[in-house]
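> Before anything else, here's the structure in question.
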Amino acid sequence: MKLKYLYLLALLIGITCACRDDDAIEDTKEGTTEEEVIVNTETYPDWTDATHSKNADLNYSVVFNQNEVLRFDIVIDSDDWSDMQSDLSSNLGGNSGRPGQSSTTDFDPIWVPCSFNFNDTEWYHVGIRYKGNSSLSTAYQQGNNKLSFKLDFDEFEDDYPSLKNQRFYGFKQLNLNNNYDDSSLMREKVGADLFRQFGLASAQTTFCVIYIDNGSGSQYYGVYALVEEVDDTVLETQFTDDSGNLYKPDGDAASFANNTFNEGEMEKKSNEDEGDYTDVKALYTIINSSDRTNNTTEWKTNLEEVFNVDGFLKWLAANTVIQNWDTYGNMTHNYFLYNDPATSKLTWIPWDNNEALQYGKAYGSLSLSLDEVSSSWPLISYLIDDADYKQVYEDYLLQFVNEVFIPAQLSETYTTYYNLIKDYAYAEESGYTYISYDSEFDQAVETLKTHAQERSDAVNSYLN
Numbered sequence: 172m173k174l175k176y177l178y179l180l181a182l183l184i185g186i187t188c189a190c191r192d193d194d195a196i197e198d199t200k201e202g203t204t205e206e207e208v209i210v211n212t213e214t215y216p217d218w219t220d221a222t223h224s225k226n227a228d229l230n231y232s233v234v235f236n237q238n239e240v241l242r243f244d245i246v247i248d249s250d251d252w253s254d255m256q257s258d259l260s261s262n263l264g265g266n267s268g269r270p271g272q273s274s275t276t277d278f279d280p281i282w283v284p285c286s287f288n289f290n291d292t293e294w295y296h297v298g299i300r301y302k303g304n305s306s307l308s309t310a311y312q313q314g315n316n317k318l319s320f321k322l323d324f325d326e327f328e329d330d331y332p333s334l335k336n337q338r339f340y341g342f343k344q345l346n347l348n349n350n351y352d353d354s355s356l357m358r359e360k361v362g363a364d365l366f367r368q369f370g371l372a373s374a375q376t377t378f379c380v381i382y383i384d385n386g387s388g389s390q391y392y393g394v395y396a397l398v399e400e401v402d403d404t405v406l407e408t409q410f411t412d413d414s415g416n417l418y419k420p421d422g423d424a425a426s427f428a429n430n431t432f433n434e435g436e437m438e439k440k441s442n443e444d445e446g447d448y449t450d451v452k453a454l455y456t457i458i459n460s461s462d463r464t465n466n467t468t469e470w471k472t473n474l475e476e477v478f479n480v481d482g483f484l485k486w487l488a489a490n491t492v493i494q495n496w497d498t499y500g501n502m503t504h505n506y507f508l509y510n511d512p513a514t515s516k517l518t519w520i521p522w523d524n525n526e527a528l529q530y531g532k533a534y535g536s537l538s539l540s541l542d543e544v545s546s547s548w549p550l551i552s553y554l555i556d557d558a559d560y561k562q563v564y565e566d567y568l569l570q571f572v573n574e575v576f577i578p579a580q581l582s583e584t585y586t587t588y589y590n591l592i593k594d595y596a597y598a599e600e601s602g603y604t605y606i607s608y609d610s611e612f613d614q615a616v617e618t619l620k621t622h623a624q625e626r627s628d629a630v631n632s633y634l635n
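If you count the sequence shown from 1, you need to add 171 to reach my numbering.
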C-alpha cells in the first residue's frame, strides 16, 4: 500500500513540474534543445519564426523602414505603470515629488513587461523601461510625459521560458528616443545617419509614433526616433567580429584626462564577467604619457597601437561641423569605445544626437580650429596639438562637407522628412510634446536647412 501511495505521489509531482509557463511549451521531439523550444501558438498566436524567433534574420527593411512612419502600440498593466512612476519619483522627484527636487540622475530605471504591437502583430511580455540622463530628469521635472524608452524583447524570458530569446524581426533591444528639446524632431535621426554615411560606425534610425495604454485607454505620445542598440546589432553588422570589449564611459573618467581613470566609470556593455579593463587603461596611460612631448614618434606609435586615431579624427571632424555640443569635448558621456578584434584598437562610436545640428547652447559647440579645447579633453587637445594629426582632421573637415554634408542634398532630405512626419508632429498633444505650436516645427526645419549652408560655408572659410 505504501508503495502505491509513493508511486501516485511521484506521478503527481511529475505532472506538476511539467505544467509551467501556462502550458505554453509544447511537447517536443526527443533531442530538442533549450534553444529549440517550440512556442505554443494557441497561447501566443502571433508568434512566427520570421517575426519573433532568434533564428530570424535581421530585417532592417521592416524595422528601419525609411519610407514611412512606424506605429507602435504598447499596453502596460496599470500596476506596472504605477511602479514605473514610483521609481521615477523616488529617483528624480526628491522628497516632495515633482517638480524641481531632483535627487539623482544616476540610476537604472526598472523594467516592466508590456504587450508590444506592430502591424496587427503582438510581441509578448516585452521588457520596457525609461531611459536617458539629463533629458529624462529635465523632462520629468517639467512635467512632460514624452520620455524615452528602452525595449528588450526577452527581458522576461526567465518568467516566460517558452518565449526565450524572443526577438523583433531579429532585434533583441531597441531604443525609443523622444527627440528631447528638438522642435524639428529630426536631429537624432539625421545626426546618426550623417556619421554612418561618412563611414563611421553609427546606429540605424527611423521615425515612429508611440501609443501607450496604461489602463486608461490609448494615449498618443508623439513622434519618436527608433534607434538601434550598439551592443545588440551595431557591433554585429558594422564590424567583422562582435566579441570585443564594448564600453560606455560616463563620468570624469570618460574625459581620459590625467588622474581621472576609474574602472567604475568605464561601464562594460560586453564581456562584463571578465573584469578586464587593460585596453582602456592602456589608452589612458598612453594619451597622458610624457612621451607625448619627450618622444613624440614613440608616443604616436604606441597610441595608434591601442586607439583608432584616424577614426576618432574622422568623427571629430564630422561632429565639429554639425555642432554637436552634448558629447566629448564638452560633456563626459554620449559615446562608446569598442575594442575591435580585427584591429585590436579601441574604436569610437557616437551616441545620442538630439542636441546636434544646432548652434551652441549652454556650453557652446566647439570651434572648427579646436584651439579652445584644453588638456581636460586630451583625446582632442593632444591630438590636435600634433601637426600631422591636425592635418588629418582638417582633411576630414573638407571631405565631410564635400561628400556628405552637402547643403542642397540636406535640404532635400529635410523637406522629405518634413512631409513624412508633418501630420504626426502637428498631432502631438500638450504634455506629450516639445513643440508649442505647429509653426515652431515648420521653422525648426527651415533652421536646419540654414544651418547646413552656414556650416558648409564656415568650413570652407576656415580652410581657406
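All C-beta atoms, glycine included, are put in the ideal place defined by N, C-alpha and C.
Is it true that the stretch 386-403 meets the stretch 584-604, where meeting means three or more beta-carbon pairs spaced less than 8 Å apart?
Short answer: they touch.
> Under the criterion of a Cβ to heavy atom distance below 7 Å, does Ser373 qualify as lining the ligand NAP?
This structure does not include the ligand NAP; it has no bound ligands of any sort.
> Locate the alpha helix (DSSP H) running through Val234, then write down its first and last residues.
Per DSSP, Val234 belongs to the alpha helix (DSSP H) from Tyr231 to Val234.
> By the three-class DSSP mapping on this structure, what secondary structure does Lys335 have?
Coil.
> Measure the Cβ-Cβ separation of Leu334 and Glu328 and say whether it is below 8 Å.
Going by C-beta atoms, Leu334 is nearer than 8 Å to Glu328.
> For the candidate residues Gly264, Ile592, Ser552 and Leu539, whose alpha-carbon lies nearest to that of Arg151?
Not covered by the structure: residue 151. The range shown for the chain is 172 to 635.
> Quick check on Thr467: buried or exposed, where buried means 16 or more other Cβ atoms within 10 Å of its Cβ?
With fewer than 16 other Cβ atoms within 10 Å, it is exposed.
> If contacts are defined as beta-carbon pairs under 8 Å, then Leu345 and Glu399 qualify, I think. What distance do you get, rounded to the angstrom?
With a Cβ gap of about 7 Å, Leu345 and Glu399 count as contacting.
> Going by other Cβ atoms of all chains shown within 10 Å of its Cβ, with 16 needed for buried, is Pro549 buried or exposed?
Label assigned to Pro549: buried.
> Between Gly531, Glu434 and Leu508, which lies nearest to Trp522 when the distance is taken from Cα to Cα?
Answer by Cα proximity: Leu508.
> Under a three-way DSSP split, which group does Pro512 fall into?
Note: Pro512 maps to coil in three-state DSSP.
> Compute the Euclidean distance between the alpha carbons of Thr275 and Phe287, then round it to the nearest angstrom.
Legend: pLDDT at Thr275 = 42, less than 50; position of this residue unreliable, value from coordinates given subsequently. When rounded, the distance between both Cα atoms is 30 Å.
> From which residue to which residue does the beta strand (DSSP E) around Tyr301 run?
Thr292 to Lys302 is the span of the beta strand (DSSP E), which, as asked, contains Tyr301.
> Measure the C-alpha to C-alpha separation of Asn378 and Asn465 and round it to an integer number of angstroms.
The residue you asked about is not Asn; residue 378 is Phe in the sequence shown. Going from the Cα of Phe378 to the Cα of Asn465 covers about 51 Å.
> Can you tell me where the beta strand (DSSP E) with Gln344 in it begins and where it stops?
Gln344 to Asn348 is the span of the beta strand (DSSP E), which, as asked, contains Gln344.
> Starting from the C-beta of Thr411, find all residues in its chain whose C-beta is less than 7 Å away, skip the five residues before and the five after it, and write them out in chain order.
Counting only Cβ-Cβ distances below 7 Å, and skipping sequence neighbours, we find Ala513.
> Please name the residue or residues paired with Ala396 in a DSSP beta bridge.
DSSP output for Ala396 lists Asn348 and Phe378 as bridge partner(s).
> Mind checking whether Leu365 and Ala488 have CB atoms under 8 Å apart?
Going by C-beta atoms, Leu365 is not nearer than 8 Å to Ala488.
> Helix, strand or coil for Pro578? Go by DSSP, reduced to three states.
Reduced to three states, the DSSP call for Pro578 is helix.
> Report the option in Thr222, Asn459, Asp413 and Gln237 whose CA atom is closest to the CA atom of Ser546.
Looking at the Cα atoms, Asn459 is the closest of the given residues.
> Please state whether DSSP places Glu526 in a helix, a strand or coil.
Residue state, collapsed to three classes: coil.
> Whole angstroms are fine: how far does the CA of Lys452 sit from the CA of Pro280?
Cα to Cα, Pro280 sits roughly 29 Å from Lys452.
> How would you label Ser308, buried or exposed, when you count the other beta carbons within 10 angstroms and need 16 or more for buried?
By the neighbour-count rule (16 or more Cβ atoms within 10 Å), Ser308 is buried.
> Between the C-alpha atoms of His504 and Ser414, what's the straight-line distance to the nearest angstrom?
So the alpha carbons of these two residues sit roughly 23 Å apart.
> Enumerate, from N- to C-terminal direction, the unbroken alpha helix (DSSP H) stretches of 4 or more residues contained entirely within the stretch 434-510.
List check, alpha helix (DSSP H) in window: 449-458, 462-465, 467-477 and 480-493.
> Going along the chain, which residues of its own chain have a beta-carbon closer than 7 Å to the beta-carbon of Asp556, five neighbours each way excluded?
Within the same chain, Asp556 has no close Cβ partners at all.
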